[in-house]
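Those protein sequence lines, which keep their order, are chains A and B.
Taking the working numbering, the leading residue of the first sequence gets 4, the next gets one more, and so forth.
Taking the working numbering, the leading residue of the second sequence gets 4, the next gets one more, and so forth.
Heads up, the thing below is written out as structure tokens.
Number of protein chains: 2
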Amino acid sequence: MFYPGREHSLLNYGVKLSDIGESQAIERLRVALRQLALPSDWVGIGDDAAVCQTEPGLAVLTTVDMLVEEVHFKRSTIAPGDLGWKALAVNVSDIFGMGGVPRWCVVALALPGELKVSWLEEFYRGLAQAALAYDTRIVGGDTVGTPGPIVVSLSVIGQAQKPRLRSEACPGDLLVATGPHGLARAGHWALEHPLAAVSHAMAELAMRSQARPAPPGYPATLAALPRLALLDDSDGLGRSMTLLAEASGVAVVLQTNRLKIHPAVAAIAHAAGSDPLDWVLWGGEDYGLVGATPDLPSATGFRVIGKVEMGAGAWLEDSTGRHPLTNHAFRHF
Amino acid sequence: MFYPGREHSLLNYGVKLSDIGESQAIERLRVALRQLALPSDWVGIGDDAAVCQTEPGLAVLTTVDMLVEEVHFKRSTIAPGDLGWKALAVNVSDIFGMGGVPRWCVVALALPGELKVSWLEEFYRGLAQAALAYDTRIVGGDTVGTPGPIVVSLSVIGQAQKPRLRSEACPGDLLVATGPHGLARAGHWALEHPLAAVSHAMAELAMRSQARPAPPGYPATLAALPRLALLDDSDGLGRSMTLLAEASGVAVVLQTNRLKIHPAVAAIAHAAGSDPLDWVLWGGEDYGLVGATPDLPSATGFRVIGKVEMGAGAWLEDSTGRHPLTNHAFRHF
Numbered sequence: 004m005f006y007p008g009r010e011h012s013l014l015n016y017g018v019k020l021s022d023i024g025e026s027q028a029i030e031r032l033r034v035a036l037r038q039l040a041l042p043s044d045w046v047g048i049g050d051d052a053a054v055c056q057t058e059p060g061l062a063v064l065t066t067v068d069m070l071v072e073e074v075h076f077k078r079s080t081i082a083p084g085d086l087g088w089k090a091l092a093v094n095v096s097d098i099f100g101m102g103g104v105p106r107w108c109v110v111a112l113a114l115p116g117e118l119k120v121s122w123l124e125e126f127y128r129g130l131a132q133a134a135l136a137y138d139t140r141i142v143g144g145d146t147v148g149t150p151g152p153i154v155v156s157l158s159v160i161g162q163a164q165k166p167r168l169r170s171e172a173c174p175g176d177l178l179v180a181t182g183p184h185g186l187a188r189a190g191h192w193a194l195e196h197p198l199a200a201v202s203h204a205m206a207e208l209a210m211r212s213q214a215r216p217a218p219p220g221y222p223a224t225l226a227a228l229p230r231l232a233l234l235d236d237s238d239g240l241g242r243s244m245t246l247l248a249e250a251s252g253v254a255v256v257l258q259t260n261r262l263k264i265h266p267a268v269a270a271i272a273h274a275a276g277s278d279p280l281d282w283v284l285w286g287g288e289d290y291g292l293v294g295a296t297p298d299l300p301s302a303t304g305f306r307v308i309g310k311v312e313m314g315a316g317a318w319l320e321d322s323t324g325r326h327p328l329t330n331h332a333f334r335h336f
Numbered sequence: 004m005f006y007p008g009r010e011h012s013l014l015n016y017g018v019k020l021s022d023i024g025e026s027q028a029i030e031r032l033r034v035a036l037r038q039l040a041l042p043s044d045w046v047g048i049g050d051d052a053a054v055c056q057t058e059p060g061l062a063v064l065t066t067v068d069m070l071v072e073e074v075h076f077k078r079s080t081i082a083p084g085d086l087g088w089k090a091l092a093v094n095v096s097d098i099f100g101m102g103g104v105p106r107w108c109v110v111a112l113a114l115p116g117e118l119k120v121s122w123l124e125e126f127y128r129g130l131a132q133a134a135l136a137y138d139t140r141i142v143g144g145d146t147v148g149t150p151g152p153i154v155v156s157l158s159v160i161g162q163a164q165k166p167r168l169r170s171e172a173c174p175g176d177l178l179v180a181t182g183p184h185g186l187a188r189a190g191h192w193a194l195e196h197p198l199a200a201v202s203h204a205m206a207e208l209a210m211r212s213q214a215r216p217a218p219p220g221y222p223a224t225l226a227a228l229p230r231l232a233l234l235d236d237s238d239g240l241g242r243s244m245t246l247l248a249e250a251s252g253v254a255v256v257l258q259t260n261r262l263k264i265h266p267a268v269a270a271i272a273h274a275a276g277s278d279p280l281d282w283v284l285w286g287g288e289d290y291g292l293v294g295a296t297p298d299l300p301s302a303t304g305f306r307v308i309g310k311v312e313m314g315a316g317a318w319l320e321d322s323t324g325r326h327p328l329t330n331h332a333f334r335h336f
């Protein structure tokens, strides 16, 4: 309803969302929230999950992730059970990326009336399988009709004794990460090329990692570390390193000689005629963890893959020297 | 992706969501969750919000509500600021309906690219105004593109020392409620009939209650009550009474002589040629609270409007006797 006298932004009159993009849209939310300061020990928009301290020494983490049909997935190429699994797994990955443990989740679905009930049942089954795998209780939901595409919105609530932020990296730290990197990208290629000359086992492994990503969890052995910068690796190692560098105000250096490329990634990239390093850096959807810490304990599932230095940006260091890590800068490999 | 051998429900093959409706869709979620029992002191799907006990004596409440353009609102008839306000207010109302206090919220938006930036800014401004009014911090968001209608999904997280469930009513209890009832429905009519013979002040009041619903909050004076059944009154008093009766396994009796009809509801219903009681019972969107308790303290904002008895269902008691409270049963008034 439009009351007379309602304030209206003249500056942006006529400008459309497609002109400004999604990150600028989130920026508008920040502006609207200027007056609503968070308590000093809370963390709002900008990390993998929000941090709200309800008790001293125990933080509640909250994530939200929305998936839209035709934008984030196509009904014709993802099984509903895989979508249900993935919707939870990507949120759980965000909780792990904060050093937390997922506890419960709510799921909201907008569904077209012509959708088959069997689709919904399979979706829920995949969701429940992920909930079981990640010990996350599904406590609530909202299911509504829509004249448009399927929309899936999940929020996972977790807890952390010591939330790990992406802004904690310091010069001198080790750059650490779980693997494998690029495997989901390899799985995507294998799916689209079922007749490629790739071993069945490797193709299966890669496709499974793409269809049912399995975030590795936050290792308890890291809990005692006095300082650890951490984030989840959802958009590829290159993107994660850039986010880490920006949030912490440091330079992050990946050393290629320390990087272990998964055999399936190497083999499938070879069959595809692609550079495996390109998949490692920019493939995305691997949902591992990337971090920085002065000292890495053993048996964490993390490997040292580089270092943190004074400066800015993400860098790649190989036998030929040091190169800025920007997307598609590595076609020469 | 469809792997060979993936299980598929044969029973429902070909059945569409439009054939089963939304409540049956939620039922499918319950079925999928059979294996995932909640801890005994948690409450899942079925009340205004989920209850998760993280510490002894302190429950975390979680709500989720999804609004779809053309289903729940039309861009042409709701101001974006009002939609932003409403999206938070309806979730906050659910938290109050559990006897809780809202603490923080996350918001996910699917937005078409042709949407004006000014629309989003106004939406966020209304959301922030509600957040300020209800002392609820907006800690996270996800903003994604869509080829379809606008979708708004909010989750509010709150806390309660003693969560109040709708299943707690017992025979002998007083039926209690905050008011006013039917005011949002009256506002809806006034909006559509700007030239009707209704006082400007009353029309304004009713339209404001429709555009910017203001859930009254859970009164601290109720916290000490040993037993209180409670739910939020989002779909009209008649619907709330039916939900209370079903959840508690009792008969709920509304006594018309105790019901106080707001003057604006009476006046606007008169102008509309409608029965004000019909709006009170079935108008909806009032976002007050309805409850049952053995004893009502003073100064709670609640009034006694009836009683709880052995039996089942929702009933209306007037000078002519007792009538089952079903929608459109009161055309004779």
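Even for Gly, the Cβ is constructed at its ideal location relative to N, Cα and C.
Query - Nearest to B:E117 (by Cα), restricted to the options B:T149, B:V307, B:V71 - result: On the second sequence, residue 117 of chain B is found 114 positions in, with the first residue counted as 1. Nearest Cα to B:E117 within the set B:T149, B:V307, B:V71: B:T149.
Requested in this report: Would you mind working out which of B:D176, B:H326, B:L61, B:D50 sits nearest B:M101, comparing C-alpha positions?
Outcome: Along the second sequence, one-based indexing puts residue 101 of chain B at 98. The candidate whose alpha carbon is nearest that of B:M101 is B:D50.
Query raised in the report: Quick one, which of B:A248, B:E320, B:I141, B:T80 has its alpha-carbon nearest B:R261's?
Result: Numbered from its first residue, the second sequence carries residue 261 of chain B at position 258. Of the candidates B:A248, B:E320, B:I141, B:T80, the residue whose Cα lies closest to the Cα of B:R261 is B:E320.
Requested in this report: Determine the direct distance from the alpha carbon of A:V142 to that of B:A53, and round the result to whole angstroms.
Outcome: One-based indexing of the second sequence puts residue 53 of chain B at position 50. One-based indexing of the first sequence puts residue 142 of chain A at position 139. Roughly 6 Å separates the two Cα atoms.
Query raised in the report: Where do the N-terminal and C-terminal ends of the beta strand (DSSP E) with B:R106 fall, by residue?
Result: As a first step, residue 106 of chain B must be located in the second sequence, where it is residue number 103. DSSP places B:R106 in the uninterrupted beta strand (DSSP E) bounded by 104-114.
Query - Enclosing alpha helix (DSSP H) for A:P279 [first to last residue] - result: Locating residue 279 of chain A in the first sequence gives position 276, counting from the first residue. Element bounds for A:P279: 279-285.
Report task. Please specify which runs of the alpha helix (DSSP H), each continuous and at least 4 residues long, are wholly inside the stretch 159-196 of chain B, giving them in chain order. Result -> If we require 4 residues or more, the alpha helix (DSSP H) runs fully inside the stretch 159-196 of chain B come out as 186-195.
Query raised in the report: Within this structure, are the beta carbons of B:R140 and A:Y127 separated by less than 7 Å?
Result: To locate residue 140 of chain B, count along the second sequence from 1; it is residue 137. To locate residue 127 of chain A, count along the first sequence from 1; it is residue 124. Cβ atoms of B:R140 and A:Y127: not closer than 7 Å.
Query raised in the report: Does the distance from the CB of B:G144 to the CB of B:W88 come in under 7 Å?
Result: As a position in the second sequence, residue 144 of chain B is number 141, starting the count at 1. As a position in the second sequence, residue 88 of chain B is number 85, starting the count at 1. Note that the C-beta distance between B:G144 and B:W88 is not below 7 Å.
Query raised in the report: What residues from the stretch 121-135 of chain A come within 8 Å of chain B, judged by C-beta to C-beta, listed N to C?
Result: Residues S121, L123, E124, E125, Y127, R128, L130, A131, A134, L135.
Report task. Taking B:S96 as the reference, give the member of B:Y137, B:A111, B:L86 with the closest Cα. Result -> Working through the second sequence from its first residue, we reach residue 96 of chain B at position 93. Residue B:Y137 is the option with its Cα nearest to B:S96.
Query raised in the report: In chain order, what residues of the same chain lie with their CB nearer than 7 Å to the CB of A:V63, ignoring the 5 residues before and after it?
Result: Within the first sequence, numbered from 1, the residue matching residue 63 of chain A stands at position 60. Cβ within range, chain order: C55, T57, I160, Q162.
Query - Spatial distance of B:H322 from B:G316 (CA atoms) - result: Taking the first residue of the second sequence as 1, we reach residue 322 of chain B at position 319. Taking the first residue of the second sequence as 1, we reach residue 316 of chain B at position 313. Note that residue 322 of chain B is Ser in the sequence shown, not His. Rounded to whole angstroms, the gap between the alpha carbons of B:S322 and B:G316 is 20 Å.
Query - Any C-beta of chain D under 7 Å from that of A:S212 - result: You won't find chain D in this structure, because its protein chains are A and B.
Query raised in the report: Could one say the Cβ of B:L20 lies closer than 7 Å to chain A's Cβ atoms, at least one of them?
Result: On the second sequence, position 17 is the one that residue 20 of chain B refers to. So, interface residue.
Requested in this report: Let me know the beta strand (DSSP E) ranges lying completely inside the stretch 60-89 of chain B, each 3 residues or longer, listed in chain order.
Outcome: Here the runs fully enclosed are 61-65, 68-71.
Requested in this report: Assign B:S1 to one of two classes, buried (16 or more other C-beta atoms within 10 Å of its C-beta) or exposed (fewer than that).
Outcome: Nothing about residue 1 of chain B can be reported from this structure: the residues present for chain B run from 4 to 336 only.
Report task. May I have the straight-line CA-CA distance separating B:H273 from B:A206, to the nearest angstrom? Result -> Against the second sequence, residue 273 of chain B aligns to sequence position 270. Against the second sequence, residue 206 of chain B aligns to sequence position 203. Spanning the alpha carbons of B:H273 and B:A206 requires a straight line of approximately 13 Å.
Query raised in the report: Just the Cα atoms here: how many angstroms apart are B:H11 and B:V34?
Result: Mapped onto the second sequence, residue 11 of chain B falls at position 8. Mapped onto the second sequence, residue 34 of chain B falls at position 31. Low per-residue confidence applies at B:H11: pLDDT is 43, beneath 50, and the placement is therefore not dependable enough to give any value.
Requested in this report: Answer yes or no: do B:G291 and B:G239 have a C-beta to C-beta separation smaller than 7 Å?
Outcome: Position 288 of the second sequence holds residue 291 of chain B. Position 236 of the second sequence holds residue 239 of chain B. No, they are not a contact pair.
**Report entry** Between the CA atoms of B:P229 and B:G175 - distance to the nearest angstrom
**Finding:** The sequence position of residue 175 of chain B within the second sequence is 172, counting from 1. The sequence position of residue 229 of chain B within the second sequence is 226, counting from 1. Straight-line spacing of the CA atoms in B:G175 and B:P229 works out to 15 Å.
Query raised in the report: B:G49 lies in the alpha helix (DSSP H); which residues open and close that run?
Result: For the purposes of this step, residue 49 of chain B is identified with residue 46 of the second sequence, where counting begins at 1. In this chain, B:G49 is not harboured by any alpha helix (DSSP H), its DSSP state being neither H nor E.
**Report entry** A:E21, DSSP secondary structure in three states
**Finding:** Sequence index remark: in the first sequence, residue 21 of chain A carries index 18 (1-based). Per the sequence shown, residue 21 of chain A should be read as Ser rather than Glu. Here A:S21 sits in helix by DSSP.
Requested in this report: Determine the closest residue to B:T80 out of B:V109, B:H265, B:E195, with distance taken between C-alpha atoms.
Outcome: Taking the first residue of the second sequence as 1, we reach residue 80 of chain B at position 77. Looking at the Cα atoms, B:E195 is the closest of the given residues.
Query raised in the report: How many angstroms separate the CA atom of B:L299 from the CA atom of B:P222?
Result: Taking the first residue of the second sequence as position 1, residue 299 of chain B is located at position 296. Taking the first residue of the second sequence as position 1, residue 222 of chain B is located at position 219. Distance between the alpha carbons of B:L299 and B:P222: 12 Å.
Query - Minimum Cβ-Cβ distance from B:L186 to chain A less than 7 Å - result: As a working mapping, residue 186 of chain B is identified with position 183 in the second sequence. No, no contact with chain A.
Report task. Just grab the DSSP bridge partners of A:D145 for me. Result -> Here residue 145 of chain A is taken as the residue at index 142 of the first sequence, counted from 1. A:D145 is bridged to A:A111.
**Report entry** For A:G182 and A:T259, the rounded distance between their alpha carbons
**Finding:** Counted from its first residue, the first sequence places residue 259 of chain A at position 256. Counted from its first residue, the first sequence places residue 182 of chain A at position 179. So the alpha carbons of these two residues sit roughly 14 Å apart.
Report task. Counting only the same chain and skipping the five closest in sequence on each side, list residues whose C-beta sits under 6 Å from that of B:D68. Result -> Here residue 68 of chain B refers to the residue found at position 65 of the second sequence. So the list reads V93, N94, L157, once near-sequence residues are dropped.
Query raised in the report: Using a beta-carbon distance below 7 Å, is A:R334 in contact with chain B?
Result: On the first sequence, position 331 is the one that residue 334 of chain A refers to. Its pLDDT being 41, under 50, A:R334 is placed unreliably in this model, and the coordinates cannot settle the point.
Query raised in the report: Who are the neighbours of A:M69 on chain B, taking C-beta pairs under 7 Å?
Result: Taking the first sequence and counting its residues from 1, the one referred to as residue 69 of chain A is at position 66. Those are A111, A113, D145, V147, S156, listed as they occur along chain B.
**Report entry** Nearest candidate by alpha-carbon position, reference B:P327, set B:A214, B:R167, B:R215, B:L257
**Finding:** If you number the second sequence from 1, residue 327 of chain B lands on position 324. The residue with the shortest Cα to Cα distance from B:P327 is B:L257.
Query raised in the report: Which residues mark the beginning and the end of the beta strand (DSSP E) in which A:I271 is found?
Result: Taking the first residue of the first sequence as 1, we reach residue 271 of chain A at position 268. Looking at the DSSP string, A:I271 is not in any beta strand (DSSP E); the run it does join, the alpha helix (DSSP H), is 266-275.
**Report entry** As assigned by DSSP and simplified to three states, the class of B:R325
**Finding:** On the second sequence, residue 325 of chain B is found 322 positions in, with the first residue counted as 1. In the three-state reduction of the DSSP assignment, B:R325 falls in the strand class, which pools E and B.
Query raised in the report: Checking contacts by CB at 7 Å: is A:L118 closer than that to chain B?
Result: As a first step, residue 118 of chain A must be located in the first sequence, where it is residue number 115. At least one chain B Cβ lies under 7 Å of A:L118.
Query raised in the report: Got a sec, what are the start and stop residues for the beta strand (DSSP E) A:G294 sits in?
Result: What you label residue 294 of chain A is simply residue 291 of the first sequence in a count that begins at 1. Here the beta strand (DSSP E) through A:G294 covers 291-296.
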